[in-house]
Amino acid sequence: MTLSREASYRFLPSVDRLESAMRAARHALAQGDLAGALRENDIAIQLKPEYDAAWLLRGHIFRKDGNIPGAIEAFAAALKRNGESEEGWLGLASALHEVGRFKEEVEAYDRLLELHPRSIEAWIDKGAVLHDQGDYRGAIACYDKVLEMRPEHVGAWNNKGAALLRLGEGAAAARCIEEALQLNPDFYDALANRALLARDAEHPGETVIWAERALRIREASWLWIVKGHSHLALGESTLAMKAFERALALEPRSRPAQSGFEKAKAQRAKSDFYRGVYECFGTYLAGDPGCAECEIRAQCTQVTP
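Numbering (our numbering), first residue to last: -12 to 292.
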């Protein structure tokens, strides 16, 4: 006996309706219509409760809506239906991170890497959370795994350099960050880390150069503060004040920025210096090409012997 189309619909979920609901939910999510996305997602789950993709989508909707407990439950439900889903484990780990459940986050990455040992994103993200928890050696091991598979991975080189910087291994950190900048000269994080390396080496002129390059790409209050202190070390009080003022504009309650501004203001009352367009200022080394002819060489050697 052949059932009518109407009768068939009563017994079997409509594949067309299911996919239509999923498409509508994804579109609504992309448009920022979270209520609409959730409404269509509800329809998809009602039609096929065991559909892991619908639960994954639910996790992304909840996460964007700020409902992190709901996102964790949704990603866990997706993994219950498909335990090998890379997207599911990554989604669960990222949601756990947002509520500070770092140990469980690392466990989620470990489970994923057992299933997909070549997951670049999992190794990078695991390295990042280990770095945040102060396990710099563990983080470096993760980045080394990435570089074994993808030696051109800019982020892995930079992150490894940042971890080495935290360990006080400046020379090794510099090699990694230089490698990152060779691969991508405009990689913001590497430029910012290069500024920190110069600061730690007590090369204020070089610090200013790298900080300026990073700040052209993206502003950050802390980096303006680093730049301000470097200007102070060079005797450039006015430029230091401007840097601290910009840091305060971005973060008005920043005590380090306010303290730096007051220090620069007091220093300007006594002395000020302007290096102009001479980017080499503060990085002078005897014998560098052009140094003997430089018209501000006297001031440069006075400030940076």
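The beta carbon of each residue, even a glycine, is placed where N, CA and C say it ideally should be.
Cα-Cα separation, Glu156 to Leu117
18 Å
Do Glu91 and Arg68 have their beta-carbon atoms positioned less than 8 Å apart in this structure?
no
Give the straight-line distance between the Cα atoms of Pro191 and Gly125, rounded to the nearest whole angstrom.
In this structure, the CA atom of Pro191 is about 32 Å from the CA atom of Gly125.
Between Ala150 and Ala158, what straight-line distance do the alpha-carbon atoms span, to the nearest angstrom?
12 Å
Proximity to Ala95 [Cα-Cα], best of Arg240, Ile107, Ala80, Glu101
Checking every option, the nearest Cα to that of Ala95 belongs to Ala80.
Length of the line joining the Cα atoms of Phe174 and Val141:
8 Å
So, is Glu166 buried or exposed, given that buried needs 16 or more other C-beta atoms within 10 angstroms?
Classification for Glu166: buried.
How big is the Cα-Cα spacing for Leu226 and Gly148?
29 Å
Tell me the rounded alpha-carbon separation between Pro56 and Ala253.
51 Å
By the three-class DSSP mapping on this structure, what secondary structure does His190 have?
Coil.
Leaving out five residues before and five after Asp52 in sequence, what residues of the same chain have Cβ atoms less than 7 Å from its Cβ?
Leu21
Nonlocal neighbours in the same chain, by C-beta distance under 6 Å from Arg181, ignoring five residues either side:
Ile164, Trp197
For Gly222, the nearest candidate out of Arg200, Asp259, Gln169 (CA to CA)
In terms of Cα proximity to Gly222, the closest of Arg200, Asp259, Gln169 is Asp259.
Spatial neighbours of Asp187 within its chain, please: CB distance less than 8 Å, with the 5 preceding and 5 following residues excluded, ordered by chain position.
Leu152, Gly157
With burial defined as no fewer than 16 other Cβ atoms inside 10 Å of the residue's Cβ, what is the status of Glu135: buried or exposed?
Residue environment: Glu135 is assigned as exposed (fewer than 16 neighbouring CB atoms within 10 Å of its CB, all protein chains considered).
Can you tell me whether DSSP reads Asp173 as helix, strand or coil?
coil
Quick check on the DSSP output: the alpha helix (DSSP H) that includes Ala22 runs from which residue to which?
21 to 34
Own chain partners of Ala143 with C-beta closer than 6 Å, once the 5 adjacent residues on each side are dropped
Excluding sequence neighbours, Ala143 sits near Tyr130, Val133, Leu134.
Short of 8 Å in beta carbon distance, which residues of its chain neighbour Tyr(-4), apart from the five on each side in sequence? Order them along the chain.
The predicted position of Tyr(-4) is uncertain, since its pLDDT is 45 and thus under 50; a value taken from the coordinates is nonetheless stated next. In the same chain as Tyr(-4), and ignoring 5 residues on each side of it, no C-beta atom comes closer than 8 Å to its own.
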